[in-house]
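One structure is given here, and the rest of the page talks about it.
Number of protein chains: 2
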Amino acid sequence: MEFRSSSRSPLTVEIKEDITSRNNARAEELRQELIRRKIFYLNLMSSPGSGKTTLLTRILTELKRSFRIGVIEADIDSDVDARTIASLGVKVIQMHTVGACHITWQMSQEALEALGLEDLDVVILENIGNLVCPAEFDTGAACNLVLLSLPEGDDKPLKYPLMFEAASAVTVTKTDVAPVFDFSREKALENIRKRNPSAPVFFTSARTGEGVEELLTYLHGEIEKVKNA
Amino acid sequence: MEFRSSSRSPLTVEIKEDITSRNNARAEELRQELIRRKIFYLNLMSSPGSGKTTLLTRILTELKRSFRIGVIEADIDSDVDARTIASLGVKVIQMHTVGACHITWQMSQEALEALGLEDLDVVILENIGNLVCPAEFDTGAACNLVLLSLPEGDDKPLKYPLMFEAASAVTVTKTDVAPVFDFSREKALENIRKRNPSAPVFFTSARTGEGVEELLTYLHGEIEKVKNA
């Protein structure tokens, strides 16, 4: 039963590896440039509907007291999230990827330019909802925060390994709905640890506020690291 | 605020369009061949953790009384789903895509060969959990059943247009948890209809059984169409 597809031609694989390695080299330059400019760049990644915008709304309300923040909302289509963020009085742009399933360093760079970095301490990118492709393309962010919503199940780190390997930190969201789902925190932690032995893991609910304080403390620490770099 | 990325070079777009159009032409041949052989090929697509395996388990229990069924479980890694399906006494193979975020016609074809079609009426492909990329690549299936889990939110058809355009039918899953989520069936329907004016839409819960009968009636009808083609 261990069928493995050998369908991808060697050429396809080479092109893909070349694209991602060139992408990731340029993203590293972008990251270093942002750190030189003392700008903390945070990349939020997760499945569709796992609560990126809701958690973002919750943490923005607190972070904007201490920092000047800009937000990049990446979507294939629609601008519902950008309108939500704009309503908080935070600088935001909507990027439409016109079908693309991930954000490259170049798309990231153009979005940062369109946003304007002159007066910002923190930029938050809400990536396309996709637990696969965005993990392959380094955006130049100093921190990759990966969200796993409780309704998705505790086995997801086993099935989507690269996303959890690429995580600087993991947040399990929507913990308030635990009573109606079969989800084990212990199993989730165990499965995350198989992919990533060291990333901090937070259990949060934007609704009840569980874990939000701990996540904010972590983010404050990461922002300070960039400020003091 | 209508920032649109112009970062993809014309070359990249051309390559991509060429790949998908060649893929989809070959997939059409595969679809016609399967219909000639009276085999109904069903492609399940959705976000990670939206309940593909759970719904599949529920419908298999009924469908296997009338049909000889084979299942292809596609995952980037792990074989938890294949083990679940095997425990039902249904023929199953696990395909590992080794990082790939979608199933091409060729991967589909190789998986069908590895499964063996001699004694089957129905083949069900559980695609990679991804609401973006799998919609671009026709697998040769006669029917694309797209799942949207209630916890993901009623706005997802707006953000992931192609998946809902590619759907032969849409199933909203996990309806039993409605009391703890802010989800409107009317809005979901309205948003699905913006992308797809004609696909049947089912509201199901594998836990309570809501809508499963209606979905099975639809699938029986689609299987009959192929048998009588």
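Those protein sequence lines, which keep their order, are chains A and B.
Read left to right, the first sequence gives residues 257 to 485 (our numbering).
Read left to right, the second sequence gives residues 257 to 485 (our numbering).
By construction, the Cβ of each residue, glycine as well, lies at the ideal position given by its N, Cα and C atoms.
Keep in mind it's a predicted model, so treat the numbers as computed, not measured.
{"Query": "Beta-bridge pairing of B/D331 - partner residues as DSSP gives them", "Result": "B/H352"}
{"Query": "Closest Cα partner of B/V402 within the set B/T360, B/G345, B/I448", "Result": "B/I448"}
{"Query": "Contact under 8 Å by Cβ, A/L316 with A/I325", "Result": "yes"}
{"Query": "CB contact check: B/Y297 to chain A, cutoff 8 Å", "Result": "no"}
{"Query": "Where A/T429 falls: helix, strand or coil (DSSP)", "Result": "strand"}
{"Query": "Test item: CB-CB of B/L475 and B/G396 under 8 Å", "Result": "no"}
{"Query": "Reduced DSSP category for A/L376 - H, G, I as helix; E, B as strand; rest coil", "Result": "coil"}
{"Query": "Distance between beta carbons of B/P407 and A/K430, contact taken as under 8 Å", "Result": "7 Å"}
{"Query": "Within chain A, the residues that B/G465 reaches when beta carbons sit closer than 9 Å", "Result": "What B/G465 touches in chain A: nothing, since even the nearest Cβ is about 16 Å away."}
{"Query": "CB contact below 8 Å: B/Y416 versus chain A", "Result": "yes"}
{"Query": "Chain B contacts from the stretch 388-415 of chain A (Cβ-Cβ distance under 7 Å)", "Result": "V388, C389, S405, P407, E408, G409, D411, K412, L414, K415"}
{"Query": "Buried or exposed by the 16-neighbour rule on C-beta atoms within 10 Å, applied to A/S303", "Result": "buried"}
{"Query": "Inter-stretch contact at 8 Å, needing at least 3 Cβ pairs: the stretch 367-384 of chain A / the stretch 406-421 of chain A", "Result": "no"}
{"Query": "Continuous alpha helix (DSSP H) stretch holding A/S364: start and end", "Result": "361-371"}
{"Query": "Test item: CB-CB of A/I332 and B/P417 under 8 Å", "Result": "yes"}
{"Query": "CA-to-CA distance, A/E284 to A/I275, given in whole angstroms", "Result": "14 Å"}
{"Query": "Three or more C-beta pairs below 8 Å linking the stretch 353-363 of chain B and the stretch 382-399 of chain B", "Result": "yes"}
{"Query": "With 16 other Cβ atoms within 10 Å as the buried cut-off, status of A/E478", "Result": "buried"}
{"Query": "For B/N280, three-class secondary structure by DSSP", "Result": "helix"}
{"Query": "Range of the contiguous alpha helix (DSSP H) that encloses B/F420", "Result": "417-421"}
{"Query": "Per-residue DSSP class, three states only, for A/C389", "Result": "helix"}
{"Query": "A/G305: contacting residues in chain B (beta-carbon distance under 7 Å)", "Result": "S303, P407, E408, G409, K412"}
{"Query": "Proximity of A/E329 and A/M351 at Cβ, strictly below 8 Å", "Result": "yes"}
{"Query": "Cβ pair A/A367, A/I384 closer than 8 Å", "Result": "no"}
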